[in-house]
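Chains as they are written, first to last, in the numbering used here: chain A, 1 to 347; chain B, 1 to 347; chain C, 1 to 347; chain D, 1 to 347.
There are 4 protein chains.
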Amino acid sequence: MPMITVGIGGATGYGGVELVRLLSRHPQVRLGFLSSESYAGQRLGDVYPHLGDVDLVLEPLAAEPIIDSCQFALLALPAGKSLEITPALLKAGVRVIDVGPDYRLRDPAVYARWYKLSHTSPDLLAEAVYGIPELYPEPLRDARLVAAPGCYPTSALLAVVPLLRAGLIQADDLVVDSKSGVSGAGRSSLALPYHFPEADEDVAAYAVGGHRHVAEIEQEVAAVAGREVAVTFTPHLVPMSRGILSTIYAKPARSATAAELTACLREFYADRPFVRVLEEPLPHTKWTAGSNYAYIAARLDEHSGRVILISALDNLGKGMSGQMVQCLNLMCGWEETLGLDAPGLYP
Amino acid sequence: MPMITVGIGGATGYGGVELVRLLSRHPQVRLGFLSSESYAGQRLGDVYPHLGDVDLVLEPLAAEPIIDSCQFALLALPAGKSLEITPALLKAGVRVIDVGPDYRLRDPAVYARWYKLSHTSPDLLAEAVYGIPELYPEPLRDARLVAAPGCYPTSALLAVVPLLRAGLIQADDLVVDSKSGVSGAGRSSLALPYHFPEADEDVAAYAVGGHRHVAEIEQEVAAVAGREVAVTFTPHLVPMSRGILSTIYAKPARSATAAELTACLREFYADRPFVRVLEEPLPHTKWTAGSNYAYIAARLDEHSGRVILISALDNLGKGMSGQMVQCLNLMCGWEETLGLDAPGLYP
Amino acid sequence: MPMITVGIGGATGYGGVELVRLLSRHPQVRLGFLSSESYAGQRLGDVYPHLGDVDLVLEPLAAEPIIDSCQFALLALPAGKSLEITPALLKAGVRVIDVGPDYRLRDPAVYARWYKLSHTSPDLLAEAVYGIPELYPEPLRDARLVAAPGCYPTSALLAVVPLLRAGLIQADDLVVDSKSGVSGAGRSSLALPYHFPEADEDVAAYAVGGHRHVAEIEQEVAAVAGREVAVTFTPHLVPMSRGILSTIYAKPARSATAAELTACLREFYADRPFVRVLEEPLPHTKWTAGSNYAYIAARLDEHSGRVILISALDNLGKGMSGQMVQCLNLMCGWEETLGLDAPGLYP
Amino acid sequence: MPMITVGIGGATGYGGVELVRLLSRHPQVRLGFLSSESYAGQRLGDVYPHLGDVDLVLEPLAAEPIIDSCQFALLALPAGKSLEITPALLKAGVRVIDVGPDYRLRDPAVYARWYKLSHTSPDLLAEAVYGIPELYPEPLRDARLVAAPGCYPTSALLAVVPLLRAGLIQADDLVVDSKSGVSGAGRSSLALPYHFPEADEDVAAYAVGGHRHVAEIEQEVAAVAGREVAVTFTPHLVPMSRGILSTIYAKPARSATAAELTACLREFYADRPFVRVLEEPLPHTKWTAGSNYAYIAARLDEHSGRVILISALDNLGKGMSGQMVQCLNLMCGWEETLGLDAPGLYP
């Protein structure tokens, strides 16, 4: 297998540095370009001592140096930034995996409403593949442009989509209650809610009824339902660095036991190495730290007749950078787990 | 005002030691008896250096020494233990505030189902007052027996009951998603899930569809609805010591704006010092640490048409020991806030 | 006893808001003025929901409004800011308790060296009382100006000074290794090291060989020794909000047992309510959260012949705002513990 | 290169499960035997969902099954347990890497004093190699028996030994102040100090003047000094799961600048991939999580004339299981970093 060279846009944010961590040990990947505005000119290994042996010097973001040296660009940039370079990258033959929101929403009007930005390359939206390999395996292999989903949508959709497709739960009336570690807020955003003495020993909801990720969740649920749906989504911040646990409340579409729900999920993920369906014990985010594994369990609350789904993953792993590498592996025709099978760090 | 003497059953668990902390500084209370099985014979101030000046010696639990010296017994005991002494205490004229489950559920069959114990004094259930002073203020004053509610039910009911009574939300289809600090698991239960390296940097659900507290929540919701209801309740453990945040999803009973929901809650709690209704910011558990204050906010998710309620309190404060002292104050005809108005410890 | 009115300079930093928390419940104190640059014009209870019932509106710092309404000014300001108003306050008869560094160092040249500021009222340094009531009780009562010490120096000096004065340890060769919670870094300093995902699950030393607090420690040790001394002081950040633990390594001045060391400390603090000397167990910072209590233990490492002292306090309590209230009580001739005897919040 | 088969004694403690995590992904290792008393009969992947794909069934500890299937035994057992099987393993030609204390102390009387156990195979002590590859590289390659050091000694010795050997610091008067995450206490020890609400938001010293690891530190310092030495060692528990930071205070042996100290360390570790010597920033334990890397910095406190060394590592990585795999690699003649070069998990 020939090596490929990868450029990373936004290499010093938490998602970017996790990409460097994973790719610096990937057996088929050479890092060719790392962008950073804040640390441009510095060696990455000096900025991040845990990656002390990574010698690349950080450069400001631009399409040219990526085109010159890389076959793939992995972008972890703020909203709107990918729009500035992705068309040029694609045109030059560089394949793009973008974990920002710019190519996730198929409808540019929905993008404009949630991100207050007008889309400058709507023609590319039709070919962008929403990058959850377990749910949309086919088109990934030959994709030029992958829009890797947000951490919350990955967490919710991995649990919801198989049961929706199997007709076991209703598309309406979904409630997604998510609990996230603080790294989800990013590294450059030194706002008061993420100041240690504020976030420590605290739990709170935020953006109730108005978090941007609900648009993605609804888009993918609607795609199964074949009509528009409204999902209730409430994110919370909990005092830990990594991890998302989503507790999802659904109405059954037809009578089914907990064992049938579990069996449906198990069958769906039978050949997929990164999603583990459990009966007991219930998923813990701790199992996923630093890994690309997700854990799902389905329960039937016989008392109230509700289906309760629990989904755990690492927001920077399967929820972001790990999933990007998984997409990369598949786009290159490699084993899905190549360089990506490290178990979670426990305890 | 004359001083009263109080005995505490279970003084060395987390709830009991919090009672000692509060009552050792209460201007009208003298501590007369402290029970502990594990530390019997030791001075409480030696067992708990943060209460170094509390000189009482711990004794095994028994009715007699309480009857001999106390007008009130505050009990924080495992299920079934209160049954063993409460009838004798009441008979001898000692008033009882019991934060265990023994007198909370009006139907002894429901108690038997959830706690696997047969009730030995069902005749007392009719007079037991469910001890949330804001919701049931009248009968408290003259009560002989108060059944102080669990931490989760207090958290949920403070938000739900006023809106239910006002006919603004439906009694059916309630989902209560609660996030609790680890002290809720108690101190003597040294089980693996509460071992620091296991609970740290982790979030997980537990007892999905089967937590005992759902019985209390349903009992009180049913009392407003006038019929049986089923509530979906999912508790979670988050890596902090104190605090519960409940996120509650309800269907509106009639069209109402978020402002109307907030106004309804504000009016309900207008004269109650310990419940604060906020529009912005959303409640944080951190504000409540060590205090008897609870914070509530109501939001309308216009997108999905759902009412979302957020409720924050300290599981050992308003969720347990603080609320017991609040009941005591009212039973004695004192200011509700006497010895209890310390703000939360922030940060 | 007549009420007094107190103004707080810097009321929205962590030290200031802790002063408000303590004084808002103090039986003899009325809050007359609260300064804040960032939140000027807002009601303090709105900025800090845990103090929801505090109605004062925040104002920019100035001497006049304090002079107009207050007998005491408690200042928790950045270095140099107290210099701007303290002379005017004193001249107008307002007594000042300043927890900033401006009046702590008797030698203005030492102040200039460490704080890069030139002292503008060096004439006041002679009368400033270093505000650790247990160590310097006499001059406090009539002081016009109290320079409350830093959190680290309080932690170290409470353990060291009694043994030094008793001739049990040497003034030379002292090593102070301190571990602090993150609130010590303040609230407005949103720097990367205090961002939750950075500080969480981490411990590191900082300012090795160059922390400003070493100047205070040396000044007070030198005052006992009667000559200049050099102290080695290393602060560390640990992932918790509150608390300082100092581990102090000293050479014995003469042969003494651990029991003699403990007895010396016990005798020294026999009549002081806020310092507790323990043999077993060793001090934990957890016992001190939100309180004005400090815990000290002395051990003799018979193997190496070294005296090891352990000192625990709350950096915002006895290490800062609690100690300021303790000074206020003594300056007013009140009980030292008035409004200040709340035990630590455990767990 | 041929694969080797490895047996793990004590596979379900924190150290053992970390060995499984590392070796399950090691390119040259096959796991042949995993022991556990508590989980015997269960599949490891069921007990530890983060290692869900590890299929081996746990068995009680015994020499025979290891001898039957393995070339190497890696033992992470309580004191005294290795004594029971190591002689048989060696006799049968199985090479042993033991991270317990049984073969670390060359003098069986010292072992007996600290561990209250009488040594039953003292004849093996002479050939046991103390397993810090950077400090004792030569004898490892052909060793039959490696006694891997404790986490605290590794942390201290990596910083101290090179400077001692170079004559830059004195062997006397060493103070080692260490701060450890709670996983160091193990998983089966569900004692109160490690209960989440007790350890959270707390820092405390323990075993002052009496921790067993001081014997190892002194043994290795004495080996350089050529005479007995006494070291002062104080361990502390800090509220995090993984990591040890040691702050070491030493007296210079001759005049040297900080740059010379750093240069000495850099030269010593020039060809060693796992020890990184930094000038700036100071080491953080966070960089090391889940990795085999250690970070060291040397400072000269010009004020007090003391050398201050800071050393950070993961107590379960370079402090335990990582180092055992590093020893294994060297004993097999492989690259030191084989299967072991994963960077620390940040953030």
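In this text, a Cβ means the ideal position worked out from N, Cα and C, and glycines have one as well. Owing to the predicted nature of the structure, the values given are computational and were not obtained by experimental measurement.
Does the beta-carbon distance from residue i to residue j come in below 9 Å?
i	j	result
D/Leu-345	D/Ser-291	yes
A/Asp-123	B/Thr-232	no
C/Val-161	C/Ile-248	no
A/His-50	A/Leu-340	no
A/Leu-135	A/Leu-158	yes
B/Pro-347	C/Ser-241	yes
A/Tyr-269	A/His-213	no
A/Leu-168	A/Val-224	no
B/Pro-78	D/Phe-196	no
A/Ser-180	A/Ile-244	yes
A/Asp-200	C/Val-29	no
D/Lys-349	D/Gly-9	There is simply no residue 349 of chain D to check, as chain D begins at 1 and stops at 347 in what is shown.
D/Leu-282	D/Ala-297	yes
A/Ser-38	A/Gly-16	no
B/Ala-128	B/Ala-143	yes
C/Asp-55	C/Gly-45	yes
B/Glu-59	B/Leu-83	no
Which whole-angstrom value is the C-beta distance of residue i and residue j, which I expect to be below 8 Å?
i	j	result
C/Gly-100	C/Leu-125	Between C/Leu-125 and C/Gly-100 the Cβ distance is about 14 Å, and since that is not below 8 Å, they are no contact.
C/Pro-133	C/Leu-330	6 Å
D/Pro-343	A/Arg-43	15 Å between Cβ atoms; not a contact.
A/Ala-147	A/Tyr-103	4 Å
D/Ile-97	D/Met-324	5 Å
B/Gly-333	B/Arg-187	Wrong, their Cβ atoms sit about 33 Å apart, outside the cutoff.
Tell me whether residue i sits in a helix, a strand or coil according to DSSP, three-state version.
i	result
B/Glu-59	strand
A/Arg-242	coil
B/Ser-321	helix
D/Val-277	strand
D/Gly-10	coil
D/Ala-297	strand
B/Leu-352	Only positions 1 to 347 of chain B appear in this structure, which leaves residue 352 of chain B out of reach.
A/Leu-237	strand
C/Ser-183	helix
D/Ala-135	Reading off the sequence, residue 135 of chain D comes out as Leu, not Ala. In this structure, D/Leu-135 counts as coil in the three-state DSSP scheme.
D/Tyr-39	coil
D/Asp-46	helix
Residue i: which of the options sits nearest, CA to CA?
i	options	result
D/Glu-228	D/His-236, D/Thr-234, D/Ala-185 and D/Gln-219	D/Gln-219
D/Val-208	D/His-236, D/Val-307 and D/Asp-142	D/His-236
D/Thr-288	C/Leu-328, C/Pro-78, C/Glu-198 and C/Leu-105	C/Glu-198
B/Ala-11	B/Ser-178, B/Arg-113 and B/Leu-31	B/Leu-31
D/Phe-274	D/Asp-46, D/Gln-326 and D/Leu-261	D/Gln-326
B/Ala-215	B/Leu-105, B/Val-96, B/Ala-258 and B/Val-94	B/Leu-105
D/Tyr-130	D/Thr-120, D/Gly-150, D/Glu-64 and D/Ser-121	D/Gly-150
C/Cys-70	C/Glu-336, C/Val-57 and C/Gly-7	C/Gly-7
B/Val-277	B/Leu-309, B/Arg-254 and B/Ala-253	B/Leu-309
C/Ala-250	C/Gly-226, C/Val-221, C/Leu-83 and C/Arg-272	C/Val-221
B/Tyr-295	A/Ala-230, A/Ala-204 and A/Thr-337	A/Ala-204
B/Glu-279	A/Leu-89, A/Arg-141 and A/Tyr-206	A/Tyr-206
D/Thr-5	D/Leu-328, D/Ala-171, D/Gln-170 and D/Glu-336	D/Leu-328
What runs of the beta strand (DSSP E), each 3 residues or longer, lie entirely inside the region 50 to 130 of chain B? Taking only runs of at least 3 residues, the beta strand (DSSP E) segments lying wholly in the region 50 to 130 of chain B are 72 to 75 and 95 to 98.
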